[in-house]
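All letters in the sequence shown, in the order written, are residues 918 to 1036 by our numbering.
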Amino acid sequence: MEKFQLNEIKAKLAASDFTKDNKDILIFLIDKVQELTEELAIVNAKLTDTLEYAELLEQDMDNVKEELFGVNSFDAEEDEGEYNYTEIQCKTCGENIYVEEALLKEKLSCPNCNGELIK
């Protein structure tokens, strides 16, 4: 609820027939709901900022992969016709890596563990 609505509820409650103890309890609960609403708005804003930052980091990492290994994040099945990529397995971690065929003449390291890639 918005702050304005909670204040209206508190005002109506103050004018109601409830006993003082009941009013105090309800006002306390309304105040807690108001606090939680404000805290939730702060958490939501921080989460939005964090997600935007993570997206920027992912883009940066894709650029680094492209620069270092000549590959970017992609779906192998989707891009299969456009590029000549070969699947290579790392000797150390066993991870399968997609590498552009033109880079197969070079010594390649695994982007995950820096181990040697099997050609």
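Backbone N, C-alpha and C fix where the C-beta goes; we use that ideal spot for every residue, glycine too.
Extent of the continuous beta strand (DSSP E) to which residue i belongs
i, result
"T1003", "Y1002 to C1007"
"N1013", "N1013 to E1017"
Residue i versus residue j - alpha carbon distance
i, j, result
"G1032", "C1007", "6 angstroms"
"E925", "E984", "59 angstroms"
"D979", "E952", "41 angstroms"
"S1026", "Y970", "28 angstroms"
"A962", "L968", "10 angstroms"
"D966", "Y1015", "32 angstroms"
"L964", "D934", "42 angstroms"
"V960", "A932", "34 angstroms"
"L973", "P1028", "19 angstroms"
Same chain, Cβ closer than 8 angstroms to residue i, five either side skipped, listed in chain order
i, result
"L930", "K940, L943, I944 and I947"
"K937", "none"
Among the options, nearest to residue i - alpha-carbon criterion
i, options, result
"L1020", "E1012, N1001 and G1011", "N1001"
"C1030", "Y1015, K1024 and C1010", "C1010"
Beta-carbon contacts of residue i that lie in its chain and below 7 angstroms, excluding the five residues immediately before and after
i, result
"K927", "I944 and I947"
"L957", "none"
"D977", "none"
Enclosing alpha helix (DSSP H) for residue i [first to last residue]
i, result
"N939", "K937 to F986"
Pair within 7 angstroms by beta-carbon distance, residue i and residue j
i, j, result
"N1013", "E1023", "no"
Minimum Cβ-Cβ distance from residue i to chain E less than 7 angstroms
i, result
"T1009", "Protein chains in the displayed structure number just one, and chain E is not present."
Heavy atom of the ligand ATP within 6 angstroms of residue i beta-carbon
i, result
"N939", "By its list of ligands, the structure shown contains no ligand whatsoever, and the ligand ATP lies outside what it can speak to."
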